[in-house]
Amino acid sequence: MNSKNISYGILRAAGVIVAVSLVLYFLYEIQSVIVYIVIAGVISLIGRPIVMFLRRRLKFNNTLAVVATMVFLVGIFVGIVSLLIPLLVEQGQNLSLLDIDQLKSNIESLYTETITYLEINHIDAEQAIKESKILSSMDYSIIPNFLNSIVSGLGSFSIGLMSVLFIAFFFLKDRNLFQQGILTFVPNNKESNTKRSIEKISDLLSRYFVGLFFQILILFIIYTIGLLIIGIENAVVIAFLCALINLIPYLGPLIGGAIMMLLVMTNNLGESFSVIVLPKLFYTFIVIAIAQLVDNFFSQPFIFSKSVKSHPLEIFLIIIIAGLLFGVVGMIVAVPFYTAIKVILKEFLSDNKMVKKLTQGL
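In UniProt numbering, the protein residues as written are 1 to 362.
Below, the structure written as structure tokens:
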């Protein structure tokens with residue numbers, strides 16, 4: 001090997017490194033666009049069964065079916081926002097978000113009632129809380145600052161929403177648009193395998209996201225009935241919000257349960273802690289426990305096994321691993337990403353013994 005070949009190899013390697021670096025930098029700079037495309041893809045997968053129903057059962061043409069589906073999905077989104085706004089306004093009034101001193105007074109009043117109840121039951125928690133200096137270290141200005149950041153982000157959100165709807169419309173209208181874009185970068189001898197993979201992934205993920213919708217619906221119904229029986233204000237909105245947060249695997253139920261308990265407490269600020277607040281918190285905890293038992297032993301196993309054709313234990317391990325590696329975002333995308341990998345492996349490495357065992361249900 002002469003010096004010319006060595007120099008050529010070094011220059012080629014350097015060129016590859018520079019090209020990869022430029023591509024990664026480009027992807028980093030357009031990350032918001034990538035997010036828009038991913039969200040639009042999810043929306044198109046959710047809307048795909050609706051479009052097919054309208055075309056096959058009601059004999060809509062393709063464009064009309066897509067428009068009707070988009071209107072339906074946007075209507076659901078607007079309905080969700082219209083439900084959440086009154087809750088936010090009421091909680092803002094309850095917590096006196098515009099009056100920091102009143103907010104501090106309310107929290108200290110709740111703290112005093114809690115300590116009094118614990119002392120009656122011979123639980124000495126006041127000294128431990130004083131030593132931790134929790135109340136004195138609280139930064140009450142964080143709430144209005146948080147609201148200001150929300151308002152400033154509304155402009156960006158509006159642009160993102162319009163972009164997502166525009167992309168999702170064309171994904172639904174031309175279901176082969178995304179496929180054609182991918183096939184542009186695929187060698188000719190791999191196109192048939194790639195087409196089958198994309199169709200299989202689209203079918204499985206559509207079923208998965210529809211299954212998630214029913215999972216949220218079941219939790220919403222249980223939460224709503226339970227909170228209405230307890231007598232909680234805005235029970236429907238609180239139930240929907242906490243059911244929606246349940247989309248985050250394993251952490252979602254904890255976060256949703258904590259938010260529900262917090263909203264129950266803030267709805268009853270000024271009431272007797274031992275007579276009103278504590279019993280409602282106890283009954284709310286029972287409602288959360290019942291909902292999670294139904295979700296863990298019925299909804300999730302059924303959805304995972306029927307939609308993505310994977311064993312619940314297999315899904316559990318994948319979500320845990322993704323959470324350790326990539327955090328909450330990894331846990332959310334773990335199942336769709338893992339499903340896509342399984343389909344691709346089955347198409348391109350179907351003769352491999354390990355792949356056969358892993359994808360035998362597909």
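Here a beta-carbon is modelled for each residue, glycine too, at the ideal position from N, C-alpha and C.
Take ILE198, set aside five residues on each side of it, and the residues of its chain with a beta-carbon closer than 6 Å to its own are GLN179, in chain order.
It is roughly 15 Å from the alpha-carbon of GLU191 to the alpha-carbon of LYS346.
A straight line joining the alpha-carbon of SER32 with that of LEU161 spans about 12 Å. If you draw a straight line from the Cα of PHE72 to the Cα of LEU58, it is about 15 Å long. Only residues of its own chain outside the window of five on either side were considered, and among them VAL164 have a CB closer than 7 Å to the CB of ILE39, listed in chain order. The shortest C-alpha to C-alpha distance from LEU254 to any of ILE276, ASN234, VAL335 and ILE288 is the one to ILE288. Between VAL308 and THR339, the C-beta spacing is below 7 Å. Shown here, ILE303 sits in a helix according to DSSP, grouped into three states.
Secondary structure within the segment 312 to 350: the alpha helix (DSSP H) runs of 4 or more consecutive residues, fully enclosed, are 312 to 348 (chain order). Residue burial annotation: PHE304 is buried, with at least 16 other C-beta atoms found within 10 angstroms of its C-beta. In the displayed model, THR184 falls within coil according to three-state DSSP, outside both helix and strand.
With a 10 Å radius around the Cβ and a threshold of 16 neighbouring Cβ atoms, MET354 comes out exposed.
In summary, ARG207 is buried, with 16 or more beta-carbon neighbours lying within 10 Å of its beta-carbon over all protein chains present. Between the alpha carbons of ILE218 and LYS342 lies a gap of roughly 29 Å. Per DSSP, the unbroken alpha helix (DSSP H) holding GLY47 starts and ends at 31 to 56. Taken through DSSP and simplified to helix, strand or coil, PRO249 comes out as coil. Counting only the Cα atoms, ILE182 lies some 52 Å from ILE230. Under the 10 Å beta carbon count, TYR28 is surrounded by fewer than 16 other beta carbons and is classified as exposed.
Counting C-beta pairs with one atom in each stretch, the segment 224 to 243 and the segment 279 to 298 have three or more that are closer than 8 Å, which means they touch. Around the C-beta of LEU313, fewer than 16 other C-beta atoms lie within 10 Å, and the residue is accordingly described as exposed.
Rounded to whole angstroms, the gap between the alpha carbons of ILE37 and MET52 is 22 Å.
For LEU172 against VAL66, the beta-carbon gap comes to about 5 Å, under 8 Å, which counts as contact. Assigned with DSSP and collapsed to three states, LYS59 falls in coil, not helix or strand. Closest by C-alpha distance to LEU45, out of ILE17, ALA239 and ALA168, is ALA168. DSSP, read as helix, strand or coil, puts GLY231 in coil.
Within the same chain, Cβ atoms closer than 8 Å to the Cβ of LEU212 are found at LEU247 and ILE303, the five residues on either side in sequence being excluded. Nearest neighbour of ALA235 by Cα position, chosen from ILE10, PHE209, LEU263 and LEU244, turns out to be LEU263. If you check the CB distance, GLY257 and ILE245 do not come in under 7 Å.
In the displayed model, GLN360 falls within coil according to three-state DSSP, outside both helix and strand. In this structure VAL335 touches ILE319 by the C-beta definition: roughly 7 Å separates them, less than 8 Å. Within the same chain, Cβ atoms closer than 6 Å to the Cβ of ILE222 are found at ALA291, the five residues on either side in sequence being excluded. Collapsing the DSSP output to three states places ASP203 in a helix. Going by DSSP, PHE282 is part of the alpha helix (DSSP H) stretching over 278 to 294.
Per DSSP, reduced to three states, the secondary structure at VAL18 is helical. Distance between VAL329 and SER21, taken at the CA atoms: about 24 Å. Its Cα nearest to that of VAL81, the residue ILE238 stands out among ILE238, ASN61 and VAL23.
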